[in-house]
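Asks: When we follow our numbering, the leftmost residue of the sequence shown carries the number 1, and every step to the right adds one. One structure, pasted below without further comment.
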Amino acid sequence: MKKIIAVIKPFKVDDVKDALTKIDIKGMTICEVKGFGRQKGHKEIYRGAEYQTDFVPKVEIKIAVADEQVKEVIETIVGAAKTGKIGDGKIFILPIEDVIRIRTNETGPEAL
């Protein structure tokens, strides 16, 4: 099992969610986050004054999947989130040791 963490542009969340639903991904966790990479923040104007913001708003999507789903999920996220411009985001893949469904006590891939 793997945990996939995708950090994407906020306006792409619905596109990614819809695309993942089409490939039968049944659950995900979404958090609003801020950060920077090569994009290095941006300038904004508030009440006529210009100021630099060091952190750019992003959305973090977390999904737990079986090993055989990883490639399809990554391709789906990239296809739905990509704009071709700086700041499109990153995808991280981490191993999951175990998972337990609290309601039924199921463990492992059956609990996903």
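We put the beta carbon where it would ideally sit given N, CA and C, even for glycine. Computed from a predicted structure; not experimentally measured.
(1) Could you tell me if Ala-81 is buried or exposed, where buried requires 16 or more neighbouring beta carbons within 10 angstroms of its beta carbon?
(2) What residues are listed by DSSP as bridge partners for Val-56?
(3) My output table needs one value for Glu-75: the three-state DSSP class, helix, strand or coil.
(4) What distance in whole Å lies between the Cβ atoms of Thr-107 and Ile-100, which are believed to be in contact at a cut-off of 8 Å?
(5) When DSSP builds the beta bridges, which residues end up paired with Lys-3?
(6) When we look at the beta-carbon of Val-33 and count the other beta-carbons within 10 Å, is it buried (16 or more) or exposed?
(7) My output table needs one value for Glu-110: the three-state DSSP class, helix, strand or coil.
Replies: Taking the structure as given:
(1) buried
(2) Gly-35
(3) helix
(4) 5 Å
(5) Answer by DSSP bridge pairing, in chain order: Ala-64, Leu-94.
(6) exposed
(7) Helix, per DSSP.
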